[in-house]
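These notes concern the structure reproduced below.
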Amino acid sequence: MASRSSLSSPQPRLHGACLLPGHILVNERFHGSAVVKALQESHVTVQMDDNMGVLDFHPSSDVGVVYLTEADLLEGDTYKSKLNKLTKASFRKVVSAEKTPLSSQYFLSLQKFVVIERGLVLLPVANSDEVGKILAQMVM
128 MASRSSLSSP
138 QPRLHGACLL
148 PGHILVNERF
158 HGSAVVKALQ
168 ESHVTVQMDD
178 NMGVLDFHPS
188 SDVGVVYLTE
198 ADLLEGDTYK
208 SKLNKLTKAS
218 FRKVVSAEKT
228 PLSSQYFLSL
238 QKFVVIERGL
248 VLLPVANSDE
258 VGKILAQMVM
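Numbering (this note's numbering), first residue to last: 128 to 267.
Structural data, given as structure tokens:
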């Protein structure tokens, strides 16, 4: 799907997206990824968008999802500014993060920041394939 607008917003928004049942809006950076493949295997129609701001997925018209990979967690606190912007949004927000043997040592601080400090929903996942399956359930 082409870009919706060339204007950038300081906070994430659904930019008027009205998603049909069985469809998901996915940030262009996930094009060809295991997440997209898992969604397609679950018979979800994937629409790519390169203007989603900090958001990675829109499984429905009123829900935005940010996905933090193992690499994001290993980089340290760089995800905090992204999640601070997400907190300002008016729609329902979910943060999905990979909890692996490598990232588990950082997971407690992520959990405190996301759930306690920001009041967001945190869904721990094992890998990107699992994220795709969870997103497919959110769509259906």
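All residues carry an ideal CB built from backbone N, CA and C; glycine is no exception.
Since the model is a prediction, treat every value here as computed from it, not as a measurement.
- According to the neighbour-count rule (16 or more other Cβ atoms, all chains shown, within 10 Å of its Cβ), is Met-179 buried or exposed? Within the sequence shown, residue 179 is the residue found at index 52, counting from 1. Met-179 is buried by the Cβ-count criterion.
- Query: Taking only runs of the alpha helix (DSSP H) that begin and end inside the segment 192-255, which ones reach a length of at least 4 residues, in chain order?
  - Reply: 197-201, 206-214 and 231-238
- According to the Cβ coordinates, are Asp-183 and Val-192 closer than 9 Å? To locate residue 183, count along the sequence shown from 1; it is residue 56. To locate residue 192, count along the sequence shown from 1; it is residue 65. Cβ distance < 9 Å, so Asp-183 and Val-192 count as in contact.
- Given 8 Å as the limit, is there contact between the segment 198-215 and the segment 159-174, that is, 3 or more CB pairs closer than that? no
- Query: Does the separation of the CB atoms of Val-241 and Val-258 fall below 9 Å?
  - Reply: Position 114 of the sequence shown holds residue 241. Position 131 of the sequence shown holds residue 258. Their beta carbons are not under 9 Å apart, which means Val-241 does not touch Val-258 by this criterion.
- May I ask you to list the residues that DSSP assigns as paired with Asn-154? Reading the sequence shown from its first residue, position 27 is the one you call residue 154. Beta-bridge pairing links Asn-154 to Asp-176.
- Using beta-carbon positions only, say whether Lys-220 and Pro-251 come within less than 9 Å of one another. As a working mapping, residue 220 is identified with position 93 in the sequence shown. As a working mapping, residue 251 is identified with position 124 in the sequence shown. No, they are not a contact pair.
- Message: As a quick exercise: from Ala-165, Gln-264 and Ile-151, pick the residue whose alpha carbon is nearest that of Asp-256.
- Response: The residue you call residue 256 lines up with position 129 of the sequence shown. The shortest C-alpha separation from Asp-256 is found at Ala-165.
- Quick one: is Ala-263 buried, meaning 16 or more other Cβ sit within 10 Å of its Cβ, or exposed? Here the question's residue 263 lines up with position 136 in the sequence shown. Label assigned to Ala-263: buried.
- Query: By how many angstroms is the C-alpha of Lys-260 removed from the C-alpha of Lys-212?
  - Reply: To locate residue 212, count along the sequence shown from 1; it is residue 85. To locate residue 260, count along the sequence shown from 1; it is residue 133. One C-alpha to the other measures close to 26 Å.
- Query: With a CB to CB cut of under 7 Å and the five nearest residues on each side skipped, what residues in its chain are close to Gln-238?
  - Reply: The residue given as residue 238 occupies position 111 in the sequence shown. Hits under 7 Å: Leu-249.
- Item | Per-residue burial, Ala-224 [other beta carbons within 10 Å of its own, 16 or more giving buried] | On the sequence shown, residue 224 is found 97 positions in, with the first residue counted as 1. Result: buried.
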